[in-house]
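K.L.:
Numbering (my numbering), first residue to last: 88 to 173. Even glycine gets a Cβ: it sits at the ideal position worked out from N, Cα and C. Pasting a structure here, questions to come.
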Amino acid sequence: MSAPYSKRFEAFLCCHEKGPKISLGAAAKYLKKSKSFVKKWNQIHLACKIREIWRSLPVQYAETLVESISRRCQAILSNNGDWTSY
């Protein structure tokens, strides 16, 4: 989009009676500023969800996973670091 056209388009959006109440530039600035907030919020939300699911698992399931680590590592070593059937 050329600069003169974008300026006219932006002016149209700001001034038109049915246009949005913010300019294209203001929206872009807002998204740049809020990007880190959204990212941080998503990380916090994901961490909370992971904890919630982990706590809902039975203790026996976690014990079985921990006990299987040595077998899984041995299978990887036996395959020279290649993938296994686990």
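Quick check: the Cα distance between Ala114 and Trp128, rounded to an integer number of angstroms?
P.N.:
Taking the sequence shown and counting its residues from 1, the one referred to as residue 114 is at position 27. Taking the sequence shown and counting its residues from 1, the one referred to as residue 128 is at position 41. Cα-Cα distance, rounded: 20 Å.
K.L.:
Where does Ser172 sit, in a helix, a strand or coil, going by DSSP?
P.N.:
Reading the sequence shown from its first residue, position 85 is the one you call residue 172. Ser172: coil per DSSP, three-state reduction.
K.L.:
Taking the alpha helix (DSSP H) that Leu144 belongs to, which residues open and close that run?
P.N.:
In the sequence shown, residue 144 corresponds to position 57, counting from 1. It is not in any alpha helix (DSSP H) - Leu144 carries neither H nor E in the DSSP assignment.
K.L.:
Express the C-alpha separation of Ala149 and Trp141 in angstroms, rounding to a whole number.
P.N.:
Within the sequence shown, the letter at position 54 stands for residue 141. Within the sequence shown, the letter at position 62 stands for residue 149. Approximately 9 Å, taken between the alpha carbons.
K.L.:
Please report the distance separating the alpha-carbon of Arg138 from that of Asp169.
P.N.:
Position 51 of the sequence shown, counted from the start, is the residue given in the question as residue 138. Position 82 of the sequence shown, counted from the start, is the residue given in the question as residue 169. In a straight line, the C-alpha of Arg138 is about 31 Å away from that of Asp169.
K.L.:
Whole-angstrom Cβ separation of Thr151 and Ala162, contact assumed at under 8 Å?
P.N.:
Numbered from its first residue, the sequence shown carries residue 151 at position 64. Numbered from its first residue, the sequence shown carries residue 162 at position 75. Not confirmed; about 16 Å, so no contact.
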